[in-house]
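In our numbering, the protein residues as written are 7 to 400. Positions of the beta carbon are idealized from the N, C-alpha and C atoms, including for glycine. This report concerns only the one structure given below.
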Ligand code: FAD
């Protein structure tokens, strides 16, 4: 059978595109390898920028988020044994929203399937794409119920299947460049069943390595610990994790950390990539399928939403009004924000990790960079804009 758009992947990017298409009456199919229950519980991001929330709201996708999310207006750097609160809300009037990604995905999938009547197939296997350079591509997949391979023809394919998906590999060879950056650093990503230890995001820039705290909900808190890339989470038993978090995060005058059982523990090898352009024939990549930004600045989910807004709107314009301008400019419009966020993440990475690089010169320049945020209003304003994602007009 035929669909106007096949969307591969039911993450924030794919579900947002699907919702935009359904709101305009465009028929589409979402294909997802995991079950609906699994994607509604998969913990990941939690910090959403204000412009992204307004983008969701404009598309009728932020009702629950606006009722339940927490606005955040400050973060705290801890270095040289002291705490330094950075109130970007006071400086700019702006804020972030803290809303765990599984809640956002739950909202988006409910709206897409149950409210807007969108079709989704969960638990599919072996997604393959064909004929992307022609005007009638097709997508095939193995249906979990029958074990049969189904084929769907379509006008466009939205590749929203994240960093480990298949669509990125389907671009026509030689037409797309992938730029990569490897930080040579690992982060042990932890979820603790415990209330946050502070009311805001904490960045511990310590000679033994970076440590971070990101509040998620009153019951669950995310922590990060810098570790060697490729380290085994089994090397990090409960006692070692909390001892290291205390060493790197506790400073004079701060409340002790609130400990709790660790319900997620995995090592992320910090790297970035950008696929340029994000289009190959009738395949349009969005979100982590097109670009990965290490979770240093909490930007990945925001970029995925930015792409999805542009792609959803551009597909609607093309399929309902014959206007192909949005699709033609899609990749360039996304990449301006992508590269801006990549640059900020790289800059911030030095702030987090420079003091632990084992190089006294880098430690000195990193401390100077940190202190400048608290002594120069111009440096503080620039940081706040980039941290909030409001630095530039894209
Ligand atoms: P995904 O969310 O990865 O969705 C892709 C979907 O495609 C998945 O459901 C997957 O199961 C499915 N899929 C994969 N392969 C196939 C296939 N072959 N066929 C069909 N379906 C397939 N970002 C932030 O902005 N702020 C943060 O605080 C933050 N913290 C993070 C913490 C961690 C530990 C991690 C890992 C990431 C974090 N991120 C953060 C990044 C953020 O989670 C991602 O950028 C975001 O999920 C990207 O959304 P997406 O829709 O592009 O991809």
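Distance cut-off 7 Å: residue 305 Cβ against heavy atoms of the ligand FAD: Position 299 of the chain shown, counting from 1, holds the residue named residue 305. Answer for residue 305: yes, Cβ within range of the ligand FAD.
Residue 232, DSSP secondary structure in three states: Start at 1 with the first residue of the chain shown, and residue 232 comes out as number 226. Here residue 232 sits in strand by DSSP.
beta-carbon residue 39 near the ligand FAD non-hydrogen atom, thresh 7 Å: Within the chain shown, residue 39 is the residue found at index 33, counting from 1. Yes.
8 Å Cβ shell around residue 31 - same chain, five flanking residues per side excluded: Indexing the chain shown from 1 puts residue 31 at position 25. These residues qualify, in order along the chain: 326.
Close beta carbons around residue 358, own chain, < 7 Å, minus the five adjacent residues each side: In the chain shown, the residue the question calls residue 358 occupies position 352. Around residue 358: 209, 211, 216, 302.
For residue 3, the three-state DSSP class (helix, strand or coil): With the chain covering only 7 through 400, there is no way to say anything about residue 3.
Same chain, Cβ closer than 6 Å to residue 390, five either side skipped, listed in chain order: Stepping through the chain shown from its first residue, residue 390 is reached at position 384. 94, 97, 98.
Contiguous beta strand (DSSP E) assignments of at least 3 residues, all confined to the stretch 21-88: 34-38, 53-55, 76-78, 81-85
Sub-8 Å separation of residue 339 and residue 316 beta-carbons: Numbered from its first residue, the chain shown carries residue 339 at position 333. Numbered from its first residue, the chain shown carries residue 316 at position 310. It is a contact, given that the beta carbons lie within the stated cut-off.
Among 158, 38, 114, 256, the one whose alpha carbon lies nearest that of residue 22: Within the chain shown, numbered from 1, the residue matching residue 22 stands at position 16. Residue 114 is the option with its Cα nearest to residue 22.
N- and C-terminal bounds of the alpha helix (DSSP H) containing residue 345: Along the chain shown, read from residue 1 onward, the residue named residue 345 stands at position 339. Run containing residue 345: 331-359, per the alpha helix (DSSP H) assignment.
Range of the contiguous beta strand (DSSP E) that encloses residue 108: For this step, residue 108 is matched to residue 102 along the chain shown. Element bounds for residue 108: not the beta strand (DSSP E) but the alpha helix (DSSP H), 107-115.
Same chain, Cβ closer than 6 Å to residue 161, neighbours up to 5 away in sequence not counted: The residue you call residue 161 lines up with position 155 of the chain shown. Here the set comprises 10.
Residue 258 in three-state terms, based on DSSP: As a first step, residue 258 is located in the chain shown; it is residue number 252 there, counting from the start. Coil, per DSSP.
Through-space distance from residue 16 to residue 25, alpha-carbon basis: Counted from its first residue, the chain shown places residue 25 at position 19. Counted from its first residue, the chain shown places residue 16 at position 10. Going from the Cα of residue 25 to the Cα of residue 16 covers about 11 Å.
Residue 41 versus residue 166 - alpha carbon distance: Within the chain shown, numbered from 1, the residue matching residue 41 stands at position 35. Within the chain shown, numbered from 1, the residue matching residue 166 stands at position 160. Rounded to whole angstroms, residue 41 to residue 166 spans 16 Å at the Cα level.
beta-carbon residue 301 near the ligand FAD non-hydrogen atom, thresh 7 Å: Indexing the chain shown from 1 puts residue 301 at position 295. Yes, since a heavy atom of the ligand FAD falls inside the 7 Å radius drawn around the Cβ of residue 301.
Alpha carbon of residue 44 to alpha carbon of residue 90, nearest angstrom: Stepping through the chain shown from its first residue, residue 44 is reached at position 38. Stepping through the chain shown from its first residue, residue 90 is reached at position 84. Spanning the two alpha carbons is a distance of roughly 39 Å.
Check: residue 273 C-beta below 7 Å from any heavy atom of the ligand FAD: Within the chain shown, the letter at position 267 stands for residue 273. Flag unset: Cβ of residue 273 not near the ligand FAD.
Start-to-end residues for the alpha helix (DSSP H) that takes in residue 381: Translated into the one-based positions of the chain shown, residue 381 becomes position 375. Residue 381 -> alpha helix (DSSP H) spans 366-381.
Nearest-angstrom Cβ-Cβ length linking residue 287 and residue 151, presumed shorter than 8 Å: By 1-based counting over the chain shown, the position of residue 287 is 281. By 1-based counting over the chain shown, the position of residue 151 is 145. Rounded, the Cβ-Cβ distance is 31 Å, inconsistent with contact.
The ligand NAP heavy atom lying under 7 Å from the CB of residue 308: The model on display carries the ligand FAD but not the ligand NAP.
Check: residue 170 C-beta below 7 Å from any heavy atom of the ligand FAD: As a working note, residue 170 is residue 164 in the chain shown. Answer for residue 170: yes, Cβ within range of the ligand FAD.
Beta-ladder partner(s) of residue 317, from DSSP: Taking the chain shown and counting its residues from 1, the one referred to as residue 317 is at position 311. DSSP, once it has assigned bridges, lists no residue as partnering residue 317.
Cβ-Cβ distance between residue 27 and residue 147 below 8 Å: As a working mapping, residue 27 is identified with position 21 in the chain shown. As a working mapping, residue 147 is identified with position 141 in the chain shown. Not closer than 8 Å, so no.
Through-space distance from residue 231 to residue 251, alpha-carbon basis: As a first step, residue 251 must be located in the chain shown, where it is residue number 245. As a first step, residue 231 must be located in the chain shown, where it is residue number 225. Their backbone Cα atoms lie some 7 Å apart in a straight line.
With 16 other Cβ atoms within 10 Å as the buried cut-off, status of residue 418: Since the first residue of the chain shown is 7 and the last is 400, residue 418 is not available in this structure.
Whole-angstrom distance between residue 335 and residue 178, CA atom to CA atom: In the chain shown, residue 178 corresponds to position 172, counting from 1. In the chain shown, residue 335 corresponds to position 329, counting from 1. In a straight line, the C-alpha of residue 178 is about 19 Å away from that of residue 335.
Any chain D beta carbon closer than 8 Å to residue 356: No chain D is present in this structure, which holds just one protein chain.
Residues sharing a beta bridge with residue 274, DSSP: The residue you call residue 274 lines up with position 268 of the chain shown. According to DSSP, which records beta bridges pairwise, residue 274 is partnered with 193.
Sequence-distant residues of its chain with Cβ nearer than 6 Å to residue 267 (five each side left out): Residue 267 sits at position 261 when you count from the first residue of the chain shown. 199.
Beta carbon of residue 397 nearer than 8 Å to that of residue 53: In the chain shown, the residue the question calls residue 397 occupies position 391. In the chain shown, the residue the question calls residue 53 occupies position 47. Result no, Cβ atoms of residue 397 and residue 53 do not sit closer than 8 Å.
The stretch 54-69 / the stretch 341-352 touching (three or more Cβ pairs under 8 Å): no
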